[in-house]
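In our numbering, the protein residues as written are 1 to 251.
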């Protein structure tokens, strides 16, 4: 019998530690599929900081480096400059990338570092118990905003793709989601492009992935997928926010 579907070899056999219904596992698979299809798994180095992705080194069959909280783009910069023939990516959550690591993210983009950033946005701090994150929506209830996020007191959510689209050094920015089949297919295309851009020397690419956190949202996995459509996508519209090579490629 011929095999029609199997786990990518770029993923290990380790059992995922993520909560039931969390879409980190889907994103892991998409990253692994892209690395495998590009034939670069053996010369890829991933960088994961602190957060729900802290154990990413258990799941990817490529070299992995653990970075301090928020510092993955800085570490990836050093790795890529030392090993320019390798594929280097970061895998970061929103509390990590958009809060503690905001400076590293912005300045890596401003320098046009030739790295690929996978940015997982689930609108909350996941690993540390569900506190309000820079990406938590207006009115969203979290452990530290029990009456909902009050924008008059704590400000508005940070839209990372929109922010970085004004940074000249950023090459490719796209926001995708993984809450249904159509969106998952589009997410893979975006991740693939982010890796291809790096291989072709086109500089900084960031793919923002809207993800679920059923445990800290206080929802069932099914309801969490619906909430991405109902609440997250209206505030964080999907699409390409910058592709400075598109015109040259005739897209």
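Yeah, the Cβ is synthetic: ideal placement off N, Cα and C, and Gly gets one too.
> Can you tell me whether residue 251 is buried or exposed, with buried defined as 16 or more other CB within 10 angstroms of its CB?
Replying inline: Numbered from 1 along the chain shown, position 251 holds the residue referred to as residue 251. Any answer about residue 251 is weak, because its pLDDT of 49 lies below 50 and its placement is not dependable; what the coordinates show is given next. It counts as exposed.
> Grouping DSSP H, G and I as helix and E and B as strand, with all else coil, what is residue 45?
Replying inline: Translated into the one-based positions of the chain shown, residue 45 becomes position 45. Three-state result, residue 45: strand.
> Would the stretch 173 to 180 and the stretch 206 to 215 be scored as touching if the rule is three or more Cβ pairs under 8 angstroms?
Replying inline: yes
> In three-state terms, what does DSSP make of residue 251?
Replying inline: Along the chain shown, read from residue 1 onward, the residue named residue 251 stands at position 251. Interpretation of residue 251 is limited by its pLDDT of 49, a score under 50 that renders its predicted location unreliable; the figure taken from the coordinates is listed afterwards. Three-state DSSP puts residue 251 in coil, outside helix and strand.
> Where does residue 2 sit, in a helix, a strand or coil, going by DSSP?
Replying inline: The residue given as residue 2 occupies position 2 in the chain shown. Three-state result, residue 2: coil.
>> Let's see if you can read the secondary structure: which residues bound the alpha helix (DSSP H) around residue 253?
In response: Since the displayed the chain opens at 1 and closes at 251, residue 253 lies outside it and no answer follows.
> Span of the alpha helix (DSSP H) holding residue 79?
Replying inline: Counting from one through the chain shown, the residue named residue 79 turns up at place 79. From DSSP, the alpha helix (DSSP H) with residue 79 extends over 72 to 82.
> Once you ignore the five residues that flank residue 11 on each side, which residues in its own chain have a CB closer than 8 angstroms to its CB?
Replying inline: To locate residue 11, count along the chain shown from 1; it is residue 11. These residues qualify, in order along the chain: 28, 29, 32, 59, 60 and 61.
> To which residues of the same chain is residue 146 closer than 7 angstroms at the C-beta, ignoring the five residues directly before and after it?
Replying inline: Here residue 146 refers to the residue found at position 146 when the chain shown is read from its first residue. Nothing listed; no residue qualifies.
>> Under 8 angstroms, with one C-beta from each stretch per pair, do the stretch 113 to 132 and the stretch 85 to 93 reach the 3-pair mark?
In response: yes
> What are the residues that DSSP puts in a beta bridge with residue 93?
Replying inline: Within the chain shown, numbered from 1, the residue matching residue 93 stands at position 93. Partner(s): 120.
> Using 8 angstroms as the threshold, is the stretch 97 to 106 in touch with the stretch 188 to 197, meaning 3 or more CB pairs across them?
Replying inline: no
> Exposed or buried, which one is residue 220 when buried takes at least 16 other CB atoms within 10 Å?
Replying inline: Along the chain shown, read from residue 1 onward, the residue named residue 220 stands at position 220. Label assigned to residue 220: exposed.
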